[in-house]
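Engineer:
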Amino acid sequence: MSAWADISAADLQHTPQWTTQVDHQQLANGFRYVAYQSDDASEPFNLRLVVNVGSVDDTTPGIAHMVEHMVFRTNQAYGKSLHAYFDELGWKTGVQINAMTRQTETQFMVRTRPHDALNIAQSVKLLADIAFHAEMKAPDWQVEKKVILEELRLGDSVASRINDDKKRVTRHDSRYALWPTIGYQNTIEATTSKQVKDFYHQYYRPANMVLIASGHFEKREFEQAIQDYFAPQPWQAAPKRDYLELPLKDQLYIGKVQDPHGSTSAVTMGFRSAMLPKGQMEGLYQRLQNYFLRKLINKQVRASSPLYADQGIDYVSAVVNEPTNQRLTIALSAKTSNYQQGLQAIVTEVERLRQNGLDPDAFNQLKKRAQQVLTSNQSLVDKRNYAQWEDKINSALMQESVVEDNERYTQRTRRWLNQLTLEEVNARLRALLSSEDQFVFYQLPGGVKQALPTQTQVRDLQRSVAKQTLNALVLGETTSTSQASDQSTTENNGSVQSLVLPTLTLAPPRVISKRRYLEPKVSEWNLANGNRLLWLDRNTPDGELYIKALSNAGYLNDQFPAWLTQTGLQVWQQADLDFAASDTWQQWQKAHGVNWSWAQKADQLDVSAAVKPEQLDALFKSFYVRHHNWHVSADALAEIKRSLTEQAQHLDSKHAAWQTARDSLFQSESNLQPTLTEIDALSNDDLNHIIRKLSEQPSTVFLVGKLDESLVHRSVLPYLANLSVTQTLNTHLASIAPGRAKQSVARYDENKASVIVKSQTPTEWTPERSFLVSTLTPIMQKYLKNRLRHQMGGVYRIGFEMTLDIDNQLRSELTFNSAPDNVNTLLEAASEVMAATQRQLSDENYPRIRRDVHFAEQLRLQAPTTWLRRLALSYQRYDSPQYLRSMLNLEFEMDAPTLQSLAQEIFPQRDQATLISLPKSASSTDNLEIQNVQ
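FYI, the numbering for the sequence shown is 7 to 940, going by the numbering used here.
#1: Can you have a look at Gly289 and say buried or exposed, based on whether 16 or more other CB atoms are within 10 angstroms of its CB?
#2: By DSSP, does Thr485 sit in helix, in strand, or in coil?
#3: Between the C-alpha atoms of Tyr561 and Val731, what's the straight-line distance to the nearest angstrom?
#4: What first and last residue would you give for the alpha helix (DSSP H) that runs through Ala137?
#5: Going by DSSP, name the residue or residues bridged to Ala337.
#6: What's the call for Ser923, buried or exposed, on a 16-neighbour Cβ count within 10 Å?
#7: Going by the beta-carbon positions, is the gap between Gly221 and Asn52 smaller than 8 Å?
#8: Pairs of beta-carbons, one from the segment 333-352 and one from the segment 447-466, closer than 8 Å: are there three or more?
#9: Cβ atoms of Gln384 and Asn412: under 8 Å apart, would you say?
#10: What does a CB cutoff of less than 7 Å around Val77 pick up in its chain, not counting 5 residues either side in sequence?
#11: Are at least three pairs of beta-carbons, each pair with one atom in the segment 292-303 and one in the segment 456-468, less than 8 Å apart?
#12: Determine which residues share a DSSP beta bridge with Val5 and list them.
#13: With C-beta atoms as the reference, is Asn736 less than 8 Å away from Asn563?
#14: What number of angstroms, rounded off, separates the C-alpha of Ala9 from the C-alpha of Ser401?
#15: Identify, in the order they occur along the chain, each residue of the same chain with its Cβ nearer than 6 Å to the Cβ of Tyr802, setting aside the five sequence neighbours on each side.
#16: Counting Cβ pairs, one atom from each stretch, are 3 or more of them under 8 Å apart for the segment 233-244 and the segment 412-426?
#17: Specify the secondary structure class of Ser907 as computed by DSSP and reduced to three states.
#18: Got a sec? Which residues, its chain only, sit under 6 Å from Met275 by beta carbon, not counting five neighbours each side?
#19: Here's the rule I'm using: 16 or more other beta-carbon atoms within 10 Å means buried, otherwise exposed. How should Leu865 be labelled?
#20: Specify, as a first and last residue, the run of the beta strand (DSSP E) that Gln82 falls within.
#21: For His860, is the classification buried or exposed, using 16 other Cβ atoms within 10 angstroms of its Cβ as the cut-off for buried?
#22: Tell me which same chain residues have a C-beta within less than 6 Å of the C-beta of Glu530, skipping the five on either side of it?
#23: When the Cα atoms are used, what is the spatial distance from Asp171 to Met72?
#24: On the CB-based measure, 16 or more other CB atoms within 10 Å of its CB, does Glu429 come out buried or exposed?
#25: Using the three-state DSSP reduction, which class does Glu442 fall into: helix, strand or coil?
#26: Going residue by residue through the segment 579-641, where are the continuous beta strand (DSSP E) segments of at least 3 residues, counting only ones entirely within it?
#27: Taking 8 Å as the cut-off, decide whether the C-beta atoms of Val517 and Ala555 are in contact.
#28: What does the Cβ neighbour count give for Leu533, buried or exposed, with the cut at 16 atoms within 10 Å?
#29: Given a threshold of 16 other Cβ atoms within 10 Å of its Cβ, counted over all protein chains shown, does Thr460 qualify as buried or as exposed?
#30: What did DSSP end up calling His20 once you bin it into helix, strand or coil?
#31: How many angstroms separate the CA atom of Gln906 from the CA atom of Gln844?
#32: Quickly, what does DSSP pair Tyr523 with across the bridge? List them, please.
#33: Express the C-alpha separation of Ala878 and Val528 in angstroms, rounding to a whole number.
#34: Three or more C-beta pairs closer than 8 Å, one from the segment 122-132 and one from the segment 227-234: is that the case here?
#35: Give every residue of the same chain whose Cβ lies closer than 7 Å to the Cβ of Lys262, excluding the five residues on either side of it in the sequence, and list them in chain order.
#36: From the DSSP secondary-structure annotation, give me the bridge partner or partners of Met115.
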């Protein structure tokens, strides 16, 4: 390695070592564990069992992934499915328990809560039972293989297929290029439960595993659990895996990437090289060099794009990645349908990099930034929580490395950075671009025929270009990126300093009524113009004030189509002021610590912020100015029309039939996109009119925090009281049509179906009842998942959400993907589940539900934003802080009679609309099925 001996002779005497903050041990049977123990009693613990088996080990395509699924079925230690066991614990897959299969490993994760259903010893036992005691019964496999097929169907897309094709080229001649992790439909269907079980026993061995533990737990209990559940397993040698690294050889591999429904045209050339292990100092030093290459090469290559604009090449780009632990790939691509010119451009830019190397200014500025990152990372490491420790340990293990002591790592890396030279990095770049292991591929749209270049043609082109003298490209002006940024900041600060705000003539606020509550301590002011202020006098953890301004400026209202209301808000947010440009005003706000967050919802506009008390005046001054002094420039309309037209054309060309069907069923989603005629008719007067209506809606401002009331009178009320307010917009949350409707539409190129079922039932809204609905929702999700996935195997993922809205309508949405011919069966099963809700609720563990609610509430109520949001809800329903008192006892409402009564009121839901999206080959947009049942 160039310059290594000069820079780090002393470092060669050492190898990276585990930090003393973690415990790294190995048992006699080969099982390893790495544990980080937190002293913070408020932290729970995470466990992650890593089994060194993935799709590169598959004897049948997808079998490692099949094992991952089957270990959650019947288990000898429990005599039943682990899914049923998790239900008893109150755990959800994907939350408290999760798993994933990658190309080189399979991981099982336990994510606990403080005082969870399982302690550290029981959680270790659970992972041991998963690893060694899955039964792999044939009946279980008959159901689970259907689930895997639905997962395959769900992930089937043009993008995923093209990505797999690219891997087959870039990782050719390796096991990584053989098949996707999930396998294929025919291999999944043909695999037997015995094959799955045999593969399980072949790879699920102690010597082929490592357990990561992180969080607050008793070390003695953890280590005893390891001895009890992992140590007794007999020693078996870990399977030999000598195929994990990409094989390298002197070759030029030429391939093609093409999908029948693909639309992208591009040419790519890549270079594959070996790297030293990360567990060696030389390997770590190479990764430092790689950092500079990864950060700088793409910027360097993209700078060449203008040279090829007249050749039909959109742009040229580059990427540096590490596909395996000891391999590095540099690839350059040209996005173009002129493949010959694209190949010429790539070969030219490879040669330009060889001849000129990286930009010196960019290199030096990156060195400075890297030093700054090292400094800032020190404080981040000190604040690293248990979950971040787990991720850090896992990343190190997967890279066959360690988590070092941060001070040692920082000192060494800082020393290396100081001595790293551009010449050295350029020498490594030239070596990598001279690798004999190369590949070229054309990416073709579906149906396009194009001959691939021969090896001789590519080699001749490389030799021809190498004879040329290519100039280095100038990445920018003489100032570097950071200098330009500093200069921009200086200029902005200058404009901020020179910004003269207009004299705000504010009349004394006219307060028509004021009210106080002692517990909770809430003060309210009602102003003559219709604005209101509600202040909850309560300490916040950071001493900041939390503010929320709500108005009726939602996108569903009685005067404007949704798309125009949304467009108006966008223009209003970005508009100049009548005394300053928008960017200058943004700099003024930043300089004064003001950052309003705007969220337009269907029923309201939510404008929120958090500031220190001394920033309150600037915050409400900016609120007043944005509402009072906005100015839409004459040239804004053209840009808005262009953007809206692009969106409309994209939707019209790709999803027109589906959008029409959706709008006919779900009125809440209609008018979200304008027609081309509506866009053409849009005028500046229209924009000014809608913004005026939005800005003049009365606002109710909610404030949570501790401050002197005089500050309210001085820095809040004058601004709110002097705004122009007109009550003109009424919210109309759109409802689906009465009765039951079903519609199907052709949408997919692939053989899959997706279903959206929206339902609603009249139900009185209160914040308390809405909370009950939010508690019932995950229970319903569990019932539906158990039936549709675990029992029927008909879906891989199912979504179900319920909300009780302020217009006294309970709305639900059920979504799933499935085989097209299974849709009706699954819909019937979902209806049966909902009809049986009352009966199923009698079997729930209500003490556990109350504990879960209590735990979640304890966390929520630590956040000032929770109090802010619930203060708003309380006034929306009671016009008082009543909900802030009742919410403290909500956990005691969680019992069978209460939830059963709510379920009886909801199910079956009165009105329902179902949209089924099918393959284009299975139905026609000219023959839409529409059923209405009144």
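Beta carbons are placed, not taken as given, at the ideal position from N, Cα and C, and that holds for glycine.
Structural biologist: The answer reads as follows:
#1: It counts as buried.
#2: With a pLDDT of only 32 at Thr485, under the threshold of 50, the placement of this residue in the model should not be trusted; the figure read from the coordinates follows. DSSP places Thr485 in coil when its eight states are reduced to three.
#3: The C-alpha of Val731 is placed about 18 Å away from the C-alpha of Tyr561.
#4: 126-138 is the span of the alpha helix (DSSP H), which, as asked, contains Ala137.
#5: Residue pairing for Ala337: DSSP places it in a beta bridge opposite Gly276, Val325.
#6: Under this definition Ser923 is a buried residue.
#7: In this structure, Gly221 lies near Asn52, with their beta-carbon atoms less than 8 Å apart.
#8: Counting C-beta pairs closer than 8 Å gives three or more between the segment 333-352 and the segment 447-466, which meets the contact rule.
#9: Judged by their CB atoms, Asn412 and Gln384 are nearer to each other than the 8 Å cut-off.
#10: In the same chain as Val77, and ignoring 5 residues on each side of it, the C-beta atoms closer than 7 Å to its own belong to Ile136, Ala140, in chain order.
#11: The segment 292-303 is not in contact with the segment 456-468.
#12: Because the chain is modelled from 7 through 940, residue 5 falls outside the range shown and cannot be assessed.
#13: Cβ atoms of Asn736 and Asn563: closer than 8 Å.
#14: Reliability of the predicted coordinates at Ala9 is poor, the pLDDT of 49 falling under 50, and the value obtained from them is presented with this limitation in mind. When rounded, the distance between both Cα atoms is 29 Å.
#15: The beta carbon of Tyr802 sits closer than 6 Å to the beta carbons of Val153, Glu156, Glu157, Leu160 from its chain, once the five residues preceding and following it are set aside; these are given in chain order.
#16: With the rule of 3 Cβ pairs closer than 8 Å, the segment 233-244 does not count as touching the segment 412-426.
#17: If DSSP states are grouped into helix, strand and coil, Ser907 belongs with the helices.
#18: Excluding residues within five positions, the ones whose Cβ falls inside 6 Å are Leu338, Ile352, Val446.
#19: Result: exposed.
#20: That residue, Gln82, is in no beta strand (DSSP E); it is neither H nor E in DSSP.
#21: By the 10 Å Cβ count, His860 comes out exposed.
#22: Here Glu530 has Arg521, Leu540 as same chain residues with Cβ atoms under 6 Å from its own Cβ, once five neighbours each way along the sequence are excluded.
#23: Each residue's Cα considered, the two are about 22 Å apart.
#24: Under a 10 Å Cβ-count criterion, Glu429 is classified as exposed, with fewer than 16 other Cβ atoms of the shown protein chains found around its own Cβ.
#25: Looking at Glu442 - three-state DSSP - the assignment turns out to be coil, as it is neither helix nor strand.
#26: Counting only runs of 3 or more, we get 603-606, 611-617.
#27: Not in contact: Val517 and Ala555 (Cβ atoms no closer than 8 Å).
#28: Result: buried.
#29: Within a 10 Å sphere around the beta-carbon of Thr460 sit fewer than 16 other beta-carbons, which makes this residue exposed.
#30: Here His20 sits in coil by DSSP.
#31: Distance between the alpha carbons of Gln906 and Gln844: 5 Å.
#32: According to DSSP, residue pairing for Tyr523 in a beta bridge involves Val528.
#33: Answer to the nearest angstrom: the Cα atoms are 12 Å apart.
#34: With three or more CB-CB distances shorter than 8 Å, the segment 122-132 counts as touching the segment 227-234.
#35: If we look at Lys262 and ignore the five residues flanking it on each side, its Cβ neighbours are Phe447, Tyr448, Leu450, Leu458.
#36: Checking the DSSP bridge columns, you'll see Met115 partnered with Arg54, Asn104.
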